[in-house]
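A.B. asks: Just dropping this structure here.
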Amino acid sequence: MIDWKRLGDETIDNWTFRGAGLQAYGFSPFVLAEDELRRVHGNDERVSLDNVRAGAQCYTEMLLGMAAA
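Mapping of the sequence shown onto this note's numbering: position 12 corresponds to residue 95, and the numbering continues sequentially without gaps.
Below you can see the structure in the form of C-alpha cells.
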C-alpha cells in the first residue's frame, strides 16, 4: 500500500521539470527518524538499509499499480 500523503514538493530537481512546463511531484518512500531528518542533504546524509528495502518495495508497488491502470 502506498501512503499517498507522502506526495509533496520534496524532490530538489522538480524546479527543472516545472521550468520546462512539466508537472512534477516530490515523493519519498522513506520513513525517517528525527536524527535522520537532521542529516538530509548534509555531509553525513544516509538512509538505513531497512528504508532502502522498504523504499524499493514501495516504488515496485507504485509502478505495478500504474502499469495495471
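Ideal placement from N, C-alpha and C gives every residue a C-beta, glycine not left out.
Using a threshold of 8 Å, state whether the C-beta atoms of N154 and F113 are closer than that.
C.D. replies: It is not possible to answer for residue 154, since the shown part of the chain is limited to 84 through 152.
A.B. asks: Tell me the rounded alpha-carbon separation between Y108 and W98.
C.D. replies: For the purposes of this step, residue 108 is taken as the residue at position 25 of the sequence shown. For the purposes of this step, residue 98 is taken as the residue at position 15 of the sequence shown. Cα to Cα, Y108 sits roughly 10 Å from W98.
A.B. asks: Taking the CB atoms as reference points, tell me whether R121 and R129 lie closer together than 8 Å.
C.D. replies: For the purposes of this step, residue 121 is taken as the residue at position 38 of the sequence shown. For the purposes of this step, residue 129 is taken as the residue at position 46 of the sequence shown. Going by C-beta atoms, R121 is not nearer than 8 Å to R129.
A.B. asks: So, helix, strand or coil for G109, using DSSP?
C.D. replies: In the sequence shown, the residue the question calls residue 109 occupies position 26. Three-state result, G109: strand.
A.B. asks: Comparing C-alpha positions only, which one of L132, T143, Q106 and N126 sits nearest to L115?
C.D. replies: One-based indexing of the sequence shown puts residue 115 at position 32. Among L132, T143, Q106 and N126, the Cα nearest to that of L115 is on L132.
A.B. asks: Roughly how many angstroms separate the alpha carbons of A152 and H124, rounded to a whole number?
C.D. replies: One-based indexing of the sequence shown puts residue 152 at position 69. One-based indexing of the sequence shown puts residue 124 at position 41. Roughly 34 Å between the two C-alpha positions.
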